[in-house]
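One structure is given here, and the rest of the page talks about it.
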Amino acid sequence: MAQGTFDFDDELRFSRRELIVGAAFVPLAALVAQAQGVPAALTPAQLKTLEAFIDRLIPSDELGPGAVAAGAQVYIDRVLAGPNANEKGQFLQGLEAVDAYAKRTQGGPLAELSPEKRDQILKAIDDGTALGLPQGRNFFNRARRLTLEGMFGDPYYGGNQGFAGWDLIRYPGPRSAVDAEMQRMDKAPAPYRRSAWGPQYK
Amino acid sequence: MATTLKQVDVAVIGLGAAGGVAVLPLARAGLKIAGIEAGTWMDPHKDFHADEVFNNVRRLVTSSPKAQREIPTVRTGPGEKGVQAAAHPMMNAVGGTSIHYWAQSWRLKPWDFRTRSEVIRRYGANAIPAGTTLEDWPITYDELAPFYERIEDEVGVSGAAGNIQGKLTGVGNPFEGPRDKEYPMPPLRGSGFTDRMADAAKTLGWKPFAPPAAINSQPRKGRGSCVYHGYCATGGCHVSAKNSTAVTTIPEAQRTKNLTIFDHAHVTRIETDSNGRTTGVRYIRNRQEYFQPAKVVLLAGYTYENSRLLLLSKSKAYPKGLSNNHGQVGRHYFGHWGTNVTALFPSDINIWYGLPAQGTTCDEWADDHFDHAGMGFVGGSSLHVYTERHPIDAAAMNTFGRAPGWGSAWKKFIHDAAARQAQTYLQTNTFPYETLYLDLDDDIRDPLGDPVCRINTGGMRENERRSVLHAQGKMEEWYRAAGAIEIFKPPPAVPGVSTHAYGGTRMGDNPDTNVVNRWGFSHESPNLGILGASVMGTSGARNPTLTAQALAWRTADYLAKNWKSISF
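Protein chains in written order, with the working numbering: chain L, 596 to 797; chain G, 12 to 579.
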């Protein structure tokens, strides 16, 4: 949002051209085109660091694939390159700071540490006890939120691969129509593993 | 220079929930209308998807540029800087926010129109909340009832009548004002969970019911019925079963050939002459500036935009903004108080599919349906449980203190619990206050250089805070009766930018305290009408849209019937 520093009357004397260009509309189609995005916000090294982080947020275990196995990092990489490009710089700064903290406190980059050591790092950030990491909590919250979007969003966006996120919480999948039988409390609807953007979606 | 267009009879600014119904009686009366809309037509096939990332994370249905470029700021009051909200919850489109709203379509209660005198009559003058500018409406429920009925039919509302001509039906809302006849369609079906909640309410002696919605529960007027697929909120309806004005009254008005729609038109000013009469509308479209002369202008933006456009439209006749010589524009504004109580159940409740209007409502604790003597507040809240749950939102759930926020223990928690959490919508009777108002921000401007609207909240309100706490207690009782094992009640919060925003151009007989008269026309500029919840002086404990639409129809109907005297 523009934050004017001029007096209101001065603004009105702005050139006609400025006024008119300012009112140009972004067509919805352009916004939709941004939706899918293309990978490449992160370097391979940054991607490894990100994976090492989100792997501890949602680990693979006996309940099924975790964030990395489900491709949440693909989702994050794509949104930072596309629709969320305005937060890319801050996000990557946060990621680098966590990696530097890992080297400082655990003796190695995040991607080379054991799950236990990475858990200690995440716990310190989450508790707000990680020294020298003033933006750690903000980064943690943002990384967690984007990981949830990647893990539980439509697979169209790169994450939730194999419908791992939806299966984990028993979300039965988007359908274009739902009958009363599928809304009973005593009987779960059968899983319908489709993307709302896929060719088989009906 | 702006291009001056051919004069029309009526220019309607904004074709949303309110402007979108007002065009119909005008068009049927043979008046030539210019519908000036900042958004455009949306395409159900291209724009509406069963996708949480698209609708709710990126908000691509609602991210229309005009609204998002002039998001209001919020501050407590003078001396503070307004802080701009992250997003505008409303949208620009032909159909406006009726595209993505929940479509809950309530009539207000007779009490809502006479709250001030009813509170004084039952509890005494001291029971009126301190600092409120509350007035009785200039019209009664009975005067608006025929227009409610008209909208319920023209737009299409499903529901079960609770009170037909004073006789309780035994179904529907037993607390509603008398209706002349049954709804045009039966209510939406319930789900297993909403049925469970209805049974639980009955064990408490309450009278649960399926609330009214502007959604087809059966095929009607050439469109199909709701398919309950779970992507109604903040999304458009892919089968056009949600009765937005884009699929109901606007196309109906177009068939008369009397309505011309100018989409992508960003209105910048309403113009007036030296006598104070409104002369037309200035807007920018396709990078050109236009002036649309009109004999009558109906302002039908959202509540924030209505006050803002009036305050921006300064002239010799109106140095403080159009229709603001009494200093009332922006006053008597309020955002709807409410709260969401969440509950955890011991087994899956299967509320993924459905829609927020598919639910069970209890009205025992709303309005004045219980004795407030000694309770320290007046008004109350409607309690509504509903379906439609999206997977990201479900996974981001509150852990009720039962698990950490990440790692395997958290994963185990959401594996069990994400399918077992319910949400409620509690809507609270809310009052206008002297220190709660809209004005223009000192610093934040839109890309054209015009200041955005600023909400001055005046801070916490003791009446509403107590009212919310009381309703949360009742909601907990209801959940527990249905078997909930955990309850979370968020602390009552002062509303910021709201989807239920009222006032700013309040309707009333007294021009010293109101902007529009009992018919919705300006006390100062007689050929300027104002539509939307910005004219409402009370909120009720329920969604505003049907009332805003009934009032809009009534204003347009009055204009058509009194065309000569209003238009000259």
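For glycine and all other residues, C-beta sits at the position ideal for the given N, C-alpha and C.
Here the structure is a predicted model, which means the values were calculated and not measured.
Helix, strand or coil at residue i [DSSP, three-state]
i      : result
K253/G : strand
V34/G  : helix
E282/G : strand
L557/G : helix
Q631/L : Low local confidence applies: a pLDDT of 49 at Q631/L is under 50, so the model's placement there is unreliable, and no value is given.
S75/G  : coil
Q229/G : coil
I577/G : helix
S128/G : helix
G167/G : helix
L708/L : coil
A45/G  : strand
P622/L : Below a pLDDT of 50, predicted positions are generally treated as unreliable, and P622/L, at 39, falls in that range; no measurement from the model is reported.
A490/G : At residue 490/G the sequence reads Tyr, which differs from the Ala that was named. In this structure, Y490/G counts as helix in the three-state DSSP scheme.
Cross-chain neighbours of residue i in chain G, by beta carbon under 9 Å
i      : result
S771/L : A61, V238, H240, H249, V250
Residue i at chain L interface by Cβ criterion, 9 Å
i      : result
G365/G : yes
P415/G : yes
G142/G : no
I425/G : yes
R234/G : no
D284/G : no
F579/G : no
F273/G : no
V396/G : no
R200/G : yes
V64/G  : yes
Residues that residue i contacts on chain G, provided the C-beta gap is smaller than 7 Å
i      : result
T747/L : Before going further, note that residue 747/L is Phe rather than Thr in the sequence given. By Cβ distance, chain G contributes P402, I403, A406.
P678/L : R69
A791/L : H60, A61, D62
Among the options, nearest to residue i - alpha-carbon criterion
i      : options                        : result
H111/G : G241/G, E193/G, W489/G, R293/G : G241/G
R713/L : L675/L, T644/L, N736/L, P769/L : T644/L
I498/G : T410/G, G346/G, S251/G, D191/G : T410/G
S393/G : E63/G, L480/G, Y448/G          : L480/G
R529/G : K92/G, P149/G, E63/G, R80/G    : P149/G
A665/L : G745/L, L642/L, P639/L         : G745/L
T205/G : V32/G, Y364/G, I541/G          : Y364/G
T556/G : V23/G, P223/G, T214/G          : P223/G
L84/G  : Q339/G, D274/G, R456/G         : The question names Leu, but residue 84/G is Thr in the sequence shown. Looking at the Cα atoms, R456/G is the closest of the given residues.
G173/G : G167/G, K120/G, R207/G, A114/G : K120/G
P537/G : H249/G, A544/G, V526/G         : V526/G
P522/G : M486/G, E81/G, E146/G          : E146/G
R413/G : G235/G, R400/G, D427/G         : D427/G
Y344/G : P443/G, R80/G, G50/G           : P443/G
P185/G : P219/G, T558/G, T245/G         : P219/G
Y397/G : A61/G, A33/G, A354/G, W417/G   : A354/G
is_contact[residue i, chain G] using C-beta, thresh 9 Å
i      : result
A783/L : yes
I716/L : no
E691/L : no
D774/L : yes
G757/L : no
L705/L : no
Y696/L : no
G661/L : yes
Buried versus exposed, by CB contacts within 10 Å (16 or more), residue i
i      : result
G109/G : First, the amino acid is wrong: residue 109/G is Ser here, not Gly. S109/G comes out buried.
S790/L : buried
F381/G : exposed
G30/G  : buried
V182/G : exposed
T259/G : buried
I131/G : exposed
G753/L : buried
A97/G  : exposed
H56/G  : exposed
D359/G : buried
Contacts that residue i makes with chain G (C-beta to C-beta distance below 8 Å)
i      : result
D656/L : S419, K422
D722/L : The contacting residues do not exist; D722/L stays about 10 Å from chain G at best.
G727/L : Simply none; closest approach about 22 Å.
L652/L : W417, G418
Residues that residue i contacts on chain L, provided the C-beta gap is smaller than 9 Å
i      : result
A359/G : Looking at the sequence itself, residue 359/G is Asp, so the reference to Ala does not match. Within chain L, the residues near D359/G are R765, M780, A783.
I47/G  : Here the premise fails: no neighbours, minimum Cβ distance about 14 Å.
Contact set between residue i and chain L, taken where Cβ atoms lie within less than 7 Å
i      : result
R207/G : M780
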